[in-house]
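Asker: Just passing along the structure, written as structure tokens.
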Amino acid sequence: MSDCLFCKMANGEITPDIVHETDDILAFRDINPQAPTHVLVIPRRHISSINDLTEADQELVGKLYLGAKAVAGKEGIRESGYRTVMNCGAGAGQTVFHIHLHVLGGRGMQWPPG
Ligand code: 5GP
Ligand code: ZN
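All the letters of the sequence shown, read from the start, carry residue numbers -5 to 108 under our numbering.
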């Protein structure tokens, strides 16, 4: 999608601070970090939200989580722990409508989230 911010990152039109990438996914630092490590893992292919996922996307969603694991390893937070979050819909706090898995770590986390 030409007007999608994260598509522009995926296709190189905008260059984010990349932590990890493969043919299918890209992981980059959040511009407004909520933890010492705050990385967003996105599919290169545009999908607006969880509500738009289909069975054909199953493998790709798995790759997002493997991307989160790779990020945690590179950031040294695999053992201390980290949180993965994917907001779906404005009511849940989704502001960018290209799915992204937040990877947050490097500090203690509270539960339940706000
Ligand atoms: P959401 O609120 O949709 O779950 O998460 C969107 C995230 O994208 C937010 O944490 C926000 O800080 C981040 N974000 C928004 N614009 C940019 C940007 O231009 N660059 C980067 N790296 N992150 C962004
Ligand atoms: Zn997009």
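Ideal Cβ placement from N, Cα and C applies to all residues, glycine included.
Which of the three DSSP states is assigned to F91 in this structure?
Answerer: By one-based count along the sequence shown, residue 91 stands at place 97. Correct three-state label for F91: coil.
Asker: Rounded to whole angstroms, what's the CA-CA distance from E49 to D17? Just pull it up for me.
Answerer: Residue mapping note: residue 49 aligns to position 55 of the sequence shown, counting from 1. Residue mapping note: residue 17 aligns to position 23 of the sequence shown, counting from 1. Those two C-alpha atoms are separated by around 20 Å.
Asker: Which of helix, strand or coil does DSSP assign to E15?
Answerer: Position 21 of the sequence shown, counting from 1, holds the residue named residue 15. Reduced to three states, the DSSP call for E15 is strand.
Asker: Excluding sequence positions up to five away, which residues of its chain have a Cβ less than 8 Å from the Cβ of Q88?
Answerer: Residue numbering aside, residue 88 sits at position 94 when the sequence shown is read from its first letter. Correct list, in chain order: S43, N81 and C82.
Asker: Suppose the cutoff is 6 Å on Cβ atoms and the five residues either side in sequence are ignored; what does the same chain contact list for A62 look like?
Answerer: Translated into the one-based positions of the sequence shown, residue 62 becomes position 68. These residues qualify, in order along the chain: V35, T78, L95 and V97.
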